[in-house]
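A.B. asks:
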Amino acid sequence: KARQHFIRRLRLILRLRPETVGSKMKLRIEIMDEKEISEGAEEELVLRCRFPDERIMQLQRSLAAMIGAGGEICLHLEDEEFFVPYGETLFFETDGARTAAHTAKAMYYTELRLCELADILPYSFIRVSKSCIVNSAAVSSITRNVTGSSEIRFRGGKKTYVSRKFYKDLIERIRETRLR
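All residue numbers for the sequence shown refer to the numbering used here, where the first residue is 1073 and numbers rise by one.
#1: From what residue to what residue does the alpha helix (DSSP H) around I1145 run?
#2: In three-state terms, what does DSSP make of Y1233?
#3: Kindly indicate which three-state DSSP category I1101 falls into: helix, strand or coil?
#4: Are there 16 or more other CB atoms within 10 angstroms of the CB of F1197, so buried, or fewer, so exposed?
#5: If you draw a straight line from the C-alpha of G1168 to the C-alpha of S1203, how long is it?
#6: Return helix, strand or coil for L1193, following the three-state DSSP convention.
#7: Please check the pair Y1181 and V1156, which I expect to be a contact at CB under 8 Å, by giving their CB distance rounded to whole angstroms.
#8: Report the three-state DSSP secondary structure of F1255 (helix, strand or coil).
#9: Using three-state DSSP, classify S1110 as helix, strand or coil.
#10: Can you tell me which residues form a DSSP beta bridge with M1179?
#11: Using the rule of at least 16 other Cβ atoms within 10 Å of the residue's Cβ for burial, across every protein chain shown, is R1122 buried or exposed?
#12: Does DSSP put C1187 in a helix, in a strand, or in coil?
#13: Residues in its own chain within less than 8 Å of S1221 by CB, not counting five upstream and five downstream?
#14: Strictly by DSSP, which residues pair up with P1157?
#15: Just the Cα atoms here: how many angstroms apart are R1250 and A1209?
#16: Tell me the rounded alpha-carbon separation between F1226 and Y1239.
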């Protein structure tokens, strides 16, 4: 009975007026009942719209980043293959003919080129130079340099650089995908 009261109250609190979220848009949260939970129903997030305009697409990308788009990538270290979760990867960079993948603990290699990686990586990854793609969710700090490349630091001490051309895009991606 206390659970039902809590659910009813939560539903009332979470109903926002359309002007709070955007024009003609409602935000609604439905909480599964005991029967659905016992039947093993999966949690589901649905964006229902008339047409996927830019704000809907931005919302979808932000939600996907927050949920943690999951998945792993196959990386190599000498003769061994590792399946590393995307979220553990700090950045990818090319060093000559090979593409290196950096995590906080190790550096692996992949046969994929940066342009191929850009197509398969979650939304939190963004190109920051001709030779580097970073996980914006893993960025710890950025030291701005107006005349050249700015330094990006990650948790764990690793660093790389963002060129002036890509700096603004990186900052926008960080703001989009992180909670304020």
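Even glycine gets a Cβ: it sits at the ideal position worked out from N, Cα and C.
C.D. replies: Looking at the atomic coordinates:
#1: Unbroken run through I1145 is the beta strand (DSSP E), E1144 to L1149; no alpha helix (DSSP H).
#2: strand
#3: coil
#4: buried
#5: 10 Å
#6: coil
#7: About 12 Å; that fails the 8 Å criterion.
#8: Residue 1255 falls outside the range modelled here, since the chain spans only 1073 to 1252, and no answer is possible.
#9: helix
#10: H1174
#11: exposed
#12: helix
#13: S1201, Y1233, V1234, S1235 and R1236
#14: E1144
#15: 7 Å
#16: 16 Å
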